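Let me begin by presenting the structure, written as structure tokens, before commenting on it.
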Amino acid sequence: MLLLKRRGAVCLIASSMASLVLLAVVLYGSVGGPPAAGSDLRRDYQLLGRPLFRLDVSWPKKPELFGGQVFGVAVNQVAGVVYVAQRGDHVPKVLVFTTDGEFLMSWNTSTIEMPHGIFLADAASSNPTVWITDVGNGPFGHTVKQFSPSGKLLQVLGTPGKAGSGLDPLQFDQPAEIFVHESGEMYIVDGDGGTNNRLLKLSKELEVLWMHAEKGQGLAQFYIPHSVTVDGAQRVWVADRGNKRIQVFNSITGDWLGTWGSCFSEDAPYSVRLTPDKKYFVVVQLNTNQISLLDAPPVGLIGQCRVVSVIQLAEDVKPHLVDLDLKTGALYVAEIGAQQAQKFTPFSLGTYVV
Numbered sequence: 001m002l003l004l005k006r007r008g009a010v011c012l013i014a015s016s017m018a019s020l021v022l023l024a025v026v027l028y029g030s031v032g033g034p035p036a037a038g039s040d041l042r043r044d045y046q047l048l049g050r051p052l053f054r055l056d057v058s059w060p061k062k063p064e065l066f067g068g069q070v071f072g073v074a075v076n077q078v079a080g081v082v083y084v085a086q087r088g089d090h091v092p093k094v095l096v097f098t099t100d101g102e103f104l105m106s107w108n109t110s111t112i113e114m115p116h117g118i119f120l121a122d123a124a125s126s127n128p129t130v131w132i133t134d135v136g137n138g139p140f141g142h143t144v145k146q147f148s149p150s151g152k153l154l155q156v157l158g159t160p161g162k163a164g165s166g167l168d169p170l171q172f173d174q175p176a177e178i179f180v181h182e183s184g185e186m187y188i189v190d191g192d193g194g195t196n197n198r199l200l201k202l203s204k205e206l207e208v209l210w211m212h213a214e215k216g217q218g219l220a221q222f223y224i225p226h227s228v229t230v231d232g233a234q235r236v237w238v239a240d241r242g243n244k245r246i247q248v249f250n251s252i253t254g255d256w257l258g259t260w261g262s263c264f265s266e267d268a269p270y271s272v273r274l275t276p277d278k279k280y281f282v283v284v285q286l287n288t289n290q291i292s293l294l295d296a297p298p299v300g301l302i303g304q305c306r307v308v309s310v311i312q313l314a315e316d317v318k319p320h321l322v323d324l325d326l327k328t329g330a331l332y333v334a335e336i337g338a339q340q341a342q343k344f345t346p347f348s349l350g351t352y353v354v
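Per the UniProt record's numbering, the very first residue in the sequence shown carries number 1; after that it's consecutive.
Quick look at the structure:
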């Protein structure tokens, strides 16, 4: 009888330990738990629905380099480099890390006032460039700027220091984000709270090919368009933040194709990106501190949105914009509230051991 009791106690202890391990995996994405005391990074999160990503707690290796509000991230999957845009007094506007977390350099340039969106173009070419939207109100603001990988200013779109809606010359009012297609064509959402509420498509020669520029709640109208991406089926996806929806357009003609709104009743979509396997859209909701994975619809069908997985971050992390490594599928998240960028790596259910 005594032996049976002891065996029962052992089984109970083993069961309790297994439960704790499982809880740690759900909360922290690994059995290692949160980082050691003394780290200022916010690591706590939950995985809801189908588990598709887990946090890489080792990235970056020097998190103390973050010194301001982190607004955007951009990945060069060919070079294995991550660019992080941040705001704040006496902090570099861009930090550059490797995808392994090593710190490479920073840009402390006065030509960037208030970075908002950041995008890496021509990653596979010998001359990749970094595009940054600047929503500042000073002499360099209301522009979209092109930089070399080392931070040299190459080109400025818009009229520096002057908000406007003009097309010739081109003007912006707090442009939120840019997406540069492999063809060289550009898609810009202009109006992070400014006068403009528009989506523009520019040719490689910077000519306006088509535009939607009406403020409102109707089809092809916007209220604070905040993020834009293009898929492989000639469709443009826009996070229409103020209207709590994503709108979809034909990338060639600009025709309206559909709207997703049912997934965003609690909070607006702030960022939209497509996973490299084309299976999911990654959508960020800042106020509810969520990163959602939505099923990507097949060609020719928009339908209704469907959430398959959620990364629920801690309170006040405030995720803003995201980008993905097109080679590894890793997800990088810019977090305003936590003042950090974090990396999440994809995993398959077959290798997810609890």
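C-beta atoms are modelled at their ideal positions from N, C-alpha and C, and glycine is treated no differently. All values derive from a computational prediction rather than experimental measurement.
Residue 89 versus residue 316: straight-line alpha-carbon distance, rounded: Approximately 21 Å between the Cα atoms of the pair.
So, at 8 Å on beta carbons, what are the nonlocal neighbours of residue 171 in its own chain, with the 5 sequence-adjacent residues on each side left out? Around residue 171: 142, 158, 159, 162, 163, 164, 165.
Separation of residue 83 from residue 97, as counted between CA atoms: Whole-angstrom Cα-Cα distance: 7 Å.
Just to confirm, are residue 81 and residue 340 a CB contact at a threshold of 8 Å? No. Outside cutoff.
Residue 245 by DSSP, collapsed to three states: which one? DSSP places residue 245 in strand when its eight states are reduced to three.
If you draw a straight line from the C-alpha of residue 92 to the C-alpha of residue 204, how long is it? Approximately 30 Å between the Cα atoms of the pair.
Could you tell me the boundaries of the beta strand (DSSP E) in which residue 186 lies? Looking at the DSSP string, the run of the beta strand (DSSP E) that includes residue 186 is 186 to 190.
By the DSSP assignment, the beta strand (DSSP E) with residue 72 in it spans what residues? Segment 69 to 76, the beta strand (DSSP E) holding residue 72.
Where the beta strand (DSSP E) through residue 230 begins and ends: Run containing residue 230: 225 to 230, per the beta strand (DSSP E) assignment.
Evaluate residue 173 with the Cβ neighbour count: other Cβ atoms within 10 Å of its Cβ, from every protein chain shown; 16 or more gives buried, anything less gives exposed. With 16 or more other Cβ atoms within 10 Å, it is buried.
According to DSSP, residue 291 sits in a beta bridge with which residue or residues? DSSP output for residue 291 lists 284, 311 as bridge partner(s).
Secondary structure at residue 106, three-state DSSP: helix, strand or coil? Strand, per DSSP.
Look at residue 176 and residue 156 and say whether their C-beta atoms are less than 8 Å apart. No; because the gap between Cβ atoms is not below 8 Å, this pair is not in contact.
Quick one: is residue 301 buried, meaning 16 or more other Cβ sit within 10 Å of its Cβ, or exposed? Exposed: under 16 other Cβ atoms inside 10 Å.
Are the Cβ atoms of residue 230 and residue 147 separated by less than 8 Å? Contact annotation: residue 230 and residue 147 have beta-carbon atoms that are not nearer than 8 Å.
Separation of residue 282 from residue 270, as counted between CA atoms: Going from the Cα of residue 270 to the Cα of residue 282 covers about 10 Å.
If you compare alpha carbons, which of 275, 244, 111 is closest to residue 261? Out of 275, 244, 111, 244 has the C-alpha closest to the C-alpha of residue 261.
Note down, in chain order, each residue of its chain lying with its Cβ closer than 7 Å to the Cβ of residue 208, except the 5 sequence neighbours on either side. Cβ within range, chain order: 167, 200, 202.
Which residue comes first and which comes last in the beta strand (DSSP E) that contains residue 147? Its beta strand (DSSP E) spans residues 143 to 147.
Nearest by alpha-carbon distance to residue 274: which of 294, 289, 255 is it? Nearest of 294, 289, 255 to residue 274, Cα basis: 294.
On a CA-only basis, which of 345, 183, 287 is nearest residue 125? Give me that one, please. A check of alpha carbon separations from residue 125 across 345, 183, 287 identifies 183 as the nearest.
Can you tell which of 60, 292, 95, 218 has the C-alpha that lies nearest to the C-alpha of residue 46? Taking only the C-alpha atoms, the option nearest residue 46 is 292.
If distances are taken between C-alpha atoms only, which option among 85, 252, 278, 57 comes closest to residue 327? Comparing Cα-Cα distances from residue 327 to each of 85, 252, 278, 57, the minimum goes to 278.
If you check the beta carbons only, do residue 213 and residue 241 fall under 8 Å apart? Taking C-beta atoms as the reference points, residue 213 and residue 241 fail to come closer than 8 Å.
Whole-angstrom distance between residue 258 and residue 250, CA atom to CA atom: Residue 250 and residue 258: Cα-Cα distance of roughly 10 Å.
Is it right to say residue 335 is buried, meaning 16 or more other beta carbons lie within 10 angstroms of its own, or is it exposed? Under this definition residue 335 is a buried residue.
On the criterion of 16 or more Cβ atoms from any shown chain inside 10 Å, does residue 405 qualify as buried, or is it exposed? An answer regarding residue 405 cannot be provided, because it is not within the stretch 1 to 354 covered by the chain.
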